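Beneath this line is the structure, given in structure tokens, with notes to follow.
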Amino acid sequence: MPSVQAMIALGIIILGIITLVSISWPNRRGAPYWPTRMKKVKKMLEMANVQPGELVYDLGCGDGRVIVMAARKFKARAVGIEIDLFRFLWCQFLITILGLRRRVRVKYGDLFAKDISEADVIFCYLLQNTNDKLESKLIQELRPDARVVSNTFLFSAMPQIGMDSVLGFYVYNVGVQQEEN
60 MPSVQAMIAL GIIILGIITL VSISWPNRRG APYWPTRMKK VKKMLEMANV QPGELVYDLG
120 CGDGRVIVMA ARKFKARAVG IEIDLFRFLW CQFLITILGL RRRVRVKYGD LFAKDISEAD
180 VIFCYLLQNT NDKLESKLIQ ELRPDARVVS NTFLFSAMPQ IGMDSVLGFY VYNVGVQQEE
240 N
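For the sequence shown, my numbering gives the first residue as 60, with consecutive numbering after it.
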């Protein structure tokens, strides 16, 4: 039978591996976790003209700050998609303790595998190469009147309908692109 020290060492190694995988896996699939300041989140929601009852998606919702603010301050419905299990579980906990389960949902998994066609507004804070891959999905799946807000990184095929150069985000309208083709 292994010694207590060996079992503790094995437990530490397993915990370390789980931690490394949980940190590195999301980075491979879209972007590292980097929370957006609340002031910027509010400005992004305002500039996207989020209305009560609209459905806001946050692709890679992290700690849930965009979906929580969309629901609480803008009276929108919100869906977050998160591939990191720990952040997904945190969001589930947060929306439960805040009493937002009727208007906010969080889906676990890869944003590329999720149906986003019901969204009125999409938020994303992903890396440029992920935005490049995501753009065709947005154009194909979203309704023409849907708005897309990208934090820091650009989309090339959808023309911008707004931007904040100080805070560094861009607003797009999917339908403008579809009408031009």
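Note that beta-carbon positions come from the ideal geometry of N, C-alpha and C, so glycine has one too.
Only a predicted model underlies this, so the values are computations on that prediction, with no experimental measurement involved.
Using only alpha-carbon positions, find the residue among Arg160, Tyr231, Ile73 that is nearest to Val180.
Position 121 of the sequence shown, counted from the start, is the residue given in the question as residue 180. When each option's Cα is compared against that of Val180, the closest is Tyr231.
Excluding five sequence neighbours on each side, which residues of the same chain lie with their C-beta closer than 6 Å to the C-beta of Glu200?
Start at 1 with the first residue of the sequence shown, and residue 200 comes out as number 141. Only Ile175, Ser176 meet the Cβ criterion.
For Leu153 and Ala130, which I take to be in contact (beta-carbon distance under 8 Å), what is that distance rounded to the nearest angstrom?
Residue 153 sits at position 94 when you count from the first residue of the sequence shown. Residue 130 sits at position 71 when you count from the first residue of the sequence shown. So it is not a contact: roughly 11 Å between Cβ atoms.
Alpha carbon to alpha carbon, what distance is there between Glu141 and Arg206?
Position 147 of the sequence shown, counting from 1, holds the residue named residue 206. Position 82 of the sequence shown, counting from 1, holds the residue named residue 141. The alpha-carbon atoms of Arg206 and Glu141 are separated by roughly 20 Å.
Using only CA atoms, which one of Val233, Ala90, Pro61 lies nearest to Ser195?
In the sequence shown, residue 195 corresponds to position 136, counting from 1. It is Val233.
According to the neighbour-count rule (16 or more other Cβ atoms, all chains shown, within 10 Å of its Cβ), is Gly139 buried or exposed?
Residue numbering aside, residue 139 sits at position 80 when the sequence shown is read from its first letter. Classification of Gly139: buried, given that the 10 Å Cβ count is 16 or more.
Taking its Cβ as the centre, do 16 or more other Cβ atoms sit within 10 Å of Ser62, making it buried, or is it exposed?
On the sequence shown, residue 62 is found 3 positions in, with the first residue counted as 1. Label assigned to Ser62: exposed.
Rounded C-alpha distance that separates Met217 from Ala178:
On the sequence shown, position 158 is the one that residue 217 refers to. On the sequence shown, position 119 is the one that residue 178 refers to. Those two C-alpha atoms are separated by around 17 Å.
Looking at C-alpha atoms only, which residue of Met66, Gly121, Gln187 is the closest neighbour of Tyr92?
As a first step, residue 92 is located in the sequence shown; it is residue number 33 there, counting from the start. Out of Met66, Gly121, Gln187, Gly121 has the C-alpha closest to the C-alpha of Tyr92.
Please look up how many angstroms separate the CB atoms of Ile126 and Val109, rounded, as I've assumed it's under 8 Å.
If you number the sequence shown from 1, residue 126 lands on position 67. If you number the sequence shown from 1, residue 109 lands on position 50. Actually they do not touch by this definition, with Cβ atoms about 11 Å apart.
How do the stretch 185–194 and the stretch 160–167 stand: do at least 3 beta-carbon pairs fall below 8 Å, yes or no?
no
Best match in Gly123, Gly168, Met97, Phe147 for proximity to Ala137 [C-alpha to C-alpha]:
Residue 137 sits at position 78 when you count from the first residue of the sequence shown. Checking every option, the nearest Cα to that of Ala137 belongs to Gly123.
When the distance is taken between beta carbons, is Phe228 closer than 7 Å to Asn190?
For the purposes of this step, residue 190 is taken as residue 131 along the sequence shown, with counting starting at 1. For the purposes of this step, residue 228 is taken as residue 169 along the sequence shown, with counting starting at 1. Taking 7 Å as the Cβ cut-off, Asn190 and Phe228 do not qualify as a contacting pair.
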